[in-house]
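This report concerns only the one structure given below.
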Amino acid sequence: MNRALAAGVAAMLLAGARTGAAPPGSTAASAASVAADSARVPAGLGVPAVATVRVDGVDVVPANDLAWLLGAARSWNADVRKLVLTFGAHRLTFTDGNPFVIADDRTLELDHQVFSRAGELQVPVELARALPEDGGWPRLGYDARAGELRAAPADGYVGSPRVLVRAGTTELVIPTEHPELARVVGRGRSRFRMRFRGAFSGALPDSLPADALVHDVSVRATPGGLTFELAVDAAAAGWRWELSPSRDAVTLTLDRAAGALQPFAPEPPPGARPLRTVVLDPGHGGVDTGVQSDGVLEKTLTLDLAKALADELRRRAGAHVTLTRTDDRDMSQLGRSEVANAPKPDVVVSLHFGMSLDPRARGGAAWCAPASVSGAVLDPPGVPADRAHAPALLELLPWRDAATAHAVEGRALAEDLTAVLEHDGFGPMSVRERMPLALLGVTAPGVLLECGTLSNKEERARILAPNGIHRLAAAIATGLILWQHGGE
Amino acid sequence: MRRLGLIALGLVLIALALFARQGFQHENQPGPLPVAPESTATSVRSVPLWFASADGDSLVLEPRDLAEPSGLHPRLAALVAALEQGPRGDGARTLPQGTSLQHAYLDETGLLTLDLSPAFRQGFQGGARVEELVVGSLVRTVSANVPEAKRIRIVCGGAAFTSLGGHFPLDRPLDPDDWP
Numbered sequence: 000m001n002r003a004l005a006a007g008v009a010a011m012l013l014a015g016a017r018t019g020a021a022p023p024g025s026t027a028a029s030a031a032s033v034a035a036d037s038a039r040v041p042a043g044l045g046v047p048a049v050a051t052v053r054v055d056g057v058d059v060v061p062a063n064d065l066a067w068l069l070g071a072a073r074s075w076n077a078d079v080r081k082l083v084l085t086f087g088a089h090r091l092t093f094t095d096g097n098p099f100v101i102a103d104d105r106t107l108e109l110d111h112q113v114f115s116r117a118g119e120l121q122v123p124v125e126l127a128r129a130l131p132e133d134g135g136w137p138r139l140g141y142d143a144r145a146g147e148l149r150a151a152p153a154d155g156y157v158g159s160p161r162v163l164v165r166a167g168t169t170e171l172v173i174p175t176e177h178p179e180l181a182r183v184v185g186r187g188r189s190r191f192r193m194r195f196r197g198a199f200s201g202a203l204p205d206s207l208p209a210d211a212l213v214h215d216v217s218v219r220a221t222p223g224g225l226t227f228e229l230a231v232d233a234a235a236a237g238w239r240w241e242l243s244p245s246r247d248a249v250t251l252t253l254d255r256a257a258g259a260l261q262p263f264a265p266e267p268p269p270g271a272r273p274l275r276t277v278v279l280d281p282g283h284g285g286v287d288t289g290v291q292s293d294g295v296l297e298k299t300l301t302l303d304l305a306k307a308l309a310d311e312l313r314r315r316a317g318a319h320v321t322l323t324r325t326d327d328r329d330m331s332q333l334g335r336s337e338v339a340n341a342p343k344p345d346v347v348v349s350l351h352f353g354m355s356l357d358p359r360a361r362g363g364a365a366w367c368a369p370a371s372v373s374g375a376v377l378d379p380p381g382v383p384a385d386r387a388h389a390p391a392l393l394e395l396l397p398w399r400d401a402a403t404a405h406a407v408e409g410r411a412l413a414e415d416l417t418a419v420l421e422h423d424g425f426g427p428m429s430v431r432e433r434m435p436l437a438l439l440g441v442t443a444p445g446v447l448l449e450c451g452t453l454s455n456k457e458e459r460a461r462i463l464a465p466n467g468i469h470r471l472a473a474a475i476a477t478g479l480i481l482w483q484h485g486g487e
Numbered sequence: 000m001r002r003l004g005l006i007a008l009g010l011v012l013i014a015l016a017l018f019a020r021q022g023f024q025h026e027n028q029p030g031p032l033p034v035a036p037e038s039t040a041t042s043v044r045s046v047p048l049w050f051a052s053a054d055g056d057s058l059v060l061e062p063r064d065l066a067e068p069s070g071l072h073p074r075l076a077a078l079v080a081a082l083e084q085g086p087r088g089d090g091a092r093t094l095p096q097g098t099s100l101q102h103a104y105l106d107e108t109g110l111l112t113l114d115l116s117p118a119f120r121q122g123f124q125g126g127a128r129v130e131e132l133v134v135g136s137l138v139r140t141v142s143a144n145v146p147e148a149k150r151i152r153i154v155c156g157g158a159a160f161t162s163l164g165g166h167f168p169l170d171r172p173l174d175p176d177d178w179p
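Set out below in structure tokens:
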């Protein structure tokens, strides 16, 4: 199938959202209807679209692609050469060689016939304008210039963010058809994230005011919606997330004065961090062998690595190091977090090795706790700030999410560790924000570090070489010391 | 002699009847199918499935035509079976071989419980990256095709469990928004 999900940010939100259907026939009418169709379903990031083709001067869309665009089930009756598309409460019936389309109980007449080509029905694109505009029918738009038929996203559009700066306050206003579905999902200053439902049909600001508390705005499509990510200035003391008075946008307010605002994820003071007490967690153990590759058990390697790393840290950083296990034994996660929290550590590193689906894959990854937000924080307009934010001041963190209070430090640790491992030839490495099991209930900055891929023959041989574990331990120790010195 | 003649006449008539029937059928035989052959048997839908990328580092989308069963359980069972079979294009299978859906429950709050066969846990082999891909492909595929599921709880053999491979917690319902 020739499908093309529209990607890339549209340069503009086309004005004039709806234009009545023009009578077909004249060139002027056709041009007007093309413009109208483009406007009724603007292009944008995350807008579902399929490519159209021109056959004998008629622009058509293959029926299977149309079904995909509508999310429809297809049913073909060969005897009468009819195709029925069923989606939600609606049915569309097409007949080969016939310009009439049955839409539920209505009959639509297209300018051209539906016809069969290469074993598939082809539907003229004027269907987009012929569909009923009432009764909850999907909105389709044909863009002749782009050569695509688009469907309006089920959750609507998100428009261009506007940045307003006034008296020490920066407001980011983001229009959305469903503000109630928008939420803050990451509250770290350097990666402040907001998730929206729908597709982006706007443009990001070309530049930001010099005195704005936001330095960078980016957007990316995620399944089911969009994620905006901001880089927030260190001078911002807090944030507020509220429904705009017109109820068609959400406003993120950043303020230099703390007041009764939501806090950012806790950040350490700039400069050196303490590295007096380190907890190392050798992954797996006992009946849980972890991954196995060519007779090598992950649980054995992680324990060897933890012991070698403990020696490195004692020698090079003078750190007091505790291991969650020092022999081959079963341990519950609760048991591990109890052992980890007991010495009040400055940092916790859970050591693992991986195994890939691709035997050529190499390297590893570091997982850290996300700087997430618990609870609903979208405030209605007109609610006094102190009342609106009262729950935030009493926010309770579930014990298992304790590590999220150290998310910013954990992210910095993950970046420093992976940077050194890559530099020392253990890459490629990546950083991912997802709460790992090993950090549940842990009250310190930490990461789960997958140090290498045992399914890769060369990488396995290098780790198992006489100095392999010690080279790896030295690189991880360097990463921890780098983190201790604030990444410098 | 007359009896033999009657038998011969009967045989000729039967042969003529068979020939005529075949010719009639040929006249009415439909032409080439105007849509993909699989869509003629029953109602089919193109569904998004998420598999691991070929390098095992991320998830990739593969649309596939599946028969449209009625009811939640058959619909989910078909999705799990498709994931278990693996991709037809580039990419790699995520669900361990033999994984199937045993039961599915959707409560009024939108909590969907997927009860997978024991092969899901027993057949898992991999580190944290593989575990993230396995859970991610399941959560993304289910949430994309069953929008009424607001949260997804994965159980195995009728019992809850802490983690698939010891790297990520699975003892709580998963929010599809957390697996983008």
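One line per chain: the protein sequences are A and B, in this order. 0 is the number of the first residue of the first sequence in numbering that gives the first Met the number 0; add one for each residue after it. 0 is the number of the first residue of the second sequence in numbering that gives the first Met the number 0; add one for each residue after it. Every residue, glycine too, gets a C-beta built ideally from N, C-alpha and C. Given the structure is predicted, the values throughout are model-derived calculations rather than measurements.
K456 of chain A: not part of any beta strand (DSSP E); member of the alpha helix (DSSP H) spanning 456-463, first to last residue.
Below the 8 Å Cβ cutoff, chain B contributes S45, P62 as neighbours of W67 of chain A, in chain order. Within the region 283-295 of chain A, contact with chain B at the beta-carbon level (separation under 9 Å) is assigned to H283, D287, G289, V290, Q291.
Inside the region 266-331 of chain A, DSSP marks whole alpha helix (DSSP H) runs of 4 or more residues at positions 297-316, from first to last along the chain. Boundaries of the alpha helix (DSSP H) harbouring W67 of chain A: 62-69, taken from the DSSP string. Taking 8 Å as the cut-off, the Cβ atoms of L296 of chain A and G289 of chain A count as close. Annotated three-state conformation of L169 of chain B is coil, per DSSP. The residues R431, R433, P435, L447, in chain order, have a CB closer than 6 Å to that of W366 of chain A in the same chain once the five nearest residues on each side in sequence are set aside.
Flagged as an interface residue toward chain A: R139 of chain B, by a C-beta distance shorter than 8 Å.
One thing to note: R138 of chain A has its Cβ no nearer than 8 Å to the Cβ of A42 of chain A.
Assigned with DSSP and collapsed to three states, W366 of chain A falls in strand. Put simply, of A:F352, A:A198, A:E170 the residue whose alpha carbon is nearest the alpha carbon of D210 of chain A is A:E170. In this structure D215 of chain A does not touch G237 of chain A by the C-beta definition: roughly 19 Å separates them, more than the 8 Å allowed.
Under the three-state reduction of DSSP output, R219 of chain A falls in the strand class.
Ranked by how close their Cα comes to the Cα of L94 of chain B, the residues B:F160, B:F119, B:L48 have B:F119 in first place. Less than 8 Å separates the beta-carbon of G55 of chain B from that of L132 of chain B.
The shortest C-alpha to C-alpha distance from G353 of chain A to any of A:A198, A:K298, A:E125, A:E228 is the one to A:K298. Contact check for V320 of chain A and V277 of chain A: beta-carbon distance about 5 Å, within the 8 Å limit, so the pair qualifies. Interface with chain B (8 Å Cβ-Cβ cutoff): N63 of chain A is included. Residue state for N466 of chain A is assigned as coil, using DSSP reduced to three classes. The Cβ atoms of L105 of chain B and A148 of chain B sit closer than 8 Å to each other. The C-beta separation of L453 of chain A from R459 of chain A comes to about 5 Å, placing the pair in contact by the 8 Å criterion.
C155 of chain B has B:L115, B:A158 as its beta-bridge partners, per DSSP. Taken through DSSP and simplified to helix, strand or coil, E414 of chain A comes out as helix. Positions of the beta strand (DSSP E) runs, each at least 3 residues long and wholly inside the region 32-82 of chain B, are given as 43-51, 58-66 in order along the chain.
Of all residues in the region 439-452 of chain A, only L439, L447, E449, T452 place a beta-carbon less than 8 Å from a beta-carbon of chain B.
Between L471 of chain A and chain B, the shortest Cβ-Cβ separation is not below 8 Å.
The residues V122, in chain order, have a CB closer than 6 Å to that of L65 of chain A in the same chain once the five nearest residues on each side in sequence are set aside. Any Cβ of chain A closer than 8 Å to the Cβ of G55 of chain B would place that residue at the interface, and such an atom is present. Neighbours of T108 of chain B in chain A, taken as residues whose beta carbon is under 9 Å from its own, are absent, since the nearest beta carbon is some 15 Å off. Unbroken beta strand (DSSP E) runs of no fewer than 3 residues, entirely contained in the region 171-223 of chain A, are found at 182-186, 191-196, 213-221, following chain order.
For A158 of chain B, no Cβ of chain A is located within less than 8 Å of the residue's own Cβ.
In this structure, DSSP gives W178 of chain B a state outside helix and strand, which the three-state scheme calls coil. Chain-order list of chain B residues neighbouring D357 of chain A: A51, S52, A53, D54, G55, D56, A91, by C-beta distance under 9 Å. Residue contact with chain B for H111 of chain A: absent (no Cβ-Cβ distance below 8 Å to any residue of chain B).
L333 of chain A sits exposed, since fewer than 16 C-beta atoms from the chains shown fall within 10 Å of its C-beta.
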